[in-house]
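K.L.:
Under the working numbering, think of the first position of the sequence shown as 479, with each following residue one higher.
Glycine included, each C-beta is placed from N, C-alpha and C at the ideal position.
Computed from a prediction, not measured in an experiment: that's the story for all the values here.
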Amino acid sequence: MSSRGRSPSVQEMLAYWERRAPSYYIEDPFGRAILRAFIEKLQPKSLIEIGCGNGELLSLYKNIPSAVAVDWSENMLQRANLRKARHFLPNLRLWRHDITQCAPHGQYDVAVTRTVLMHIPPDSIEKTVRHVVKCADNFLIFEYFENVPTEQLAAHNWLHDYVPLFEKEGCELVESYVRQDMPQVLFQFQKKPGVMADAKEA
Ligand SMILES: C[S@@+](CC[C@H](N)C(=O)[O-])C[C@H]1O[C@@H](n2cnc3c(N)ncnc32)[C@H](O)[C@@H]1O
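1. Please determine whether the Cβ atom of Val610 lies at a distance below 6 Å from any heavy atom of ligand 1.
2. Considering only residues of the same chain and omitting the five flanking positions on each side of Gly584, which have a CB-CB separation below 6 Å?
3. For Ile526, which residues in the same chain have their Cβ closer than 8 Å to its Cβ, ignoring the five residues on either side in sequence?
4. In whole angstroms, what is the alpha-carbon distance linking His634 and Glu621?
5. Thinking C-beta only, is Phe623 closer than 7 Å to Val652?
6. For a test of the three-state rule: what should DSSP assign to Glu679, helix, strand or coil?
7. I want to know whether the region 574 to 581 touches the region 601 to 611 - three or more CB-CB distances under 8 Å.
8. Which residue comes first and which comes last in the alpha helix (DSSP H) that contains Phe617?
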């Protein structure tokens with residue numbers, strides 16, 4: 479839910495992230511530690527991060543045999559590639575992908591998003607969650623969340639109700655970590671047994 483008027487267009491959103499890339503940085507060691515703990519518990523052999531930005535989380539994937547990170551912004555990906563080289567991550571591949579358009583190629587044990595789905599407008603969130611669900615079995619969805627917004631949201635931010643969105647795609651909530659220091663929740667979902675990988679493709 480954005481508290482402003484019309485949603486920005488797709489072109490405006492992409493242009494926004496291309497512009498943000500050179501200065502984009504979140505210093506959040508606590509958030510990294512939370513995510514690391516969830517990943518270590520799942521022990522994935524393969525993982526995809528959707529909307530990896532400039533690659534701040536990539537070093538968390540060092541010991542995962544097959545890791546992929548995608549983003550729709552060229553400028554973000556350029557920086558993520560530099561980070562891949564700096565951290566020496568031969569197990570990691572990066573490519574350009576718009577998650578609102580379709581599911582990324584491949585099947586992964588775990589899909590991760592951090593502060594990505596909160597930037598998907600309400601009219602695209604259902605199909606976007608469908609695309610996320612299609613590519614993995616477990617999901618670590620680390621997003622802005624509070625029951626009622628305490629502040630007016632910026633034009634490119636939305637509050638989505640992740641539990642019903644993922645349940646609609648055949649997933650169940652396994653665990654969630656509610657941060658006390660900021661309105662952010664890490665939701666761990668898993669696909670319910672018997673949910674076909676491609677049964678729900680639009
Ligand atoms: C707030 S940044 C978070 C980056 C990274 N997840 C992190 O935590 O450092 C949001 C990222 O989502 C990407 N993004 C937004 N919409 C996207 C889309 N439709 N498909 C793929 N990436 C998208 C943006 O380009 C940006 O890099």
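P.N.:
Judging by the given coordinates:
1. Not one heavy atom of ligand 1 is found less than 6 Å from the C-beta of Val610.
2. There are no such residues.
3. Closer than 8 Å at Cβ, skipping near neighbours: Ala545, Val546, Ala547, Val548, Pro582, Gly584, Tyr586, Val588, Ala589, Val590, Cys613 and Ala614.
4. When rounded, the separation of the alpha-carbon atoms in His634 and Glu621 is 14 Å.
5. Between Val652 and Phe623, the C-beta spacing is not below 7 Å.
6. Reliability of the predicted coordinates at Glu679 is poor, the pLDDT of 45 falling under 50, and the value obtained from them is presented with this limitation in mind. In this structure, DSSP gives Glu679 a state outside helix and strand, which the three-state scheme calls coil.
7. With three or more CB-CB distances shorter than 8 Å, the region 574 to 581 counts as touching the region 601 to 611.
8. Per DSSP, Phe617 lies in no alpha helix (DSSP H); the unbroken beta strand (DSSP E) holding it starts and ends at Ala614 to Tyr622.
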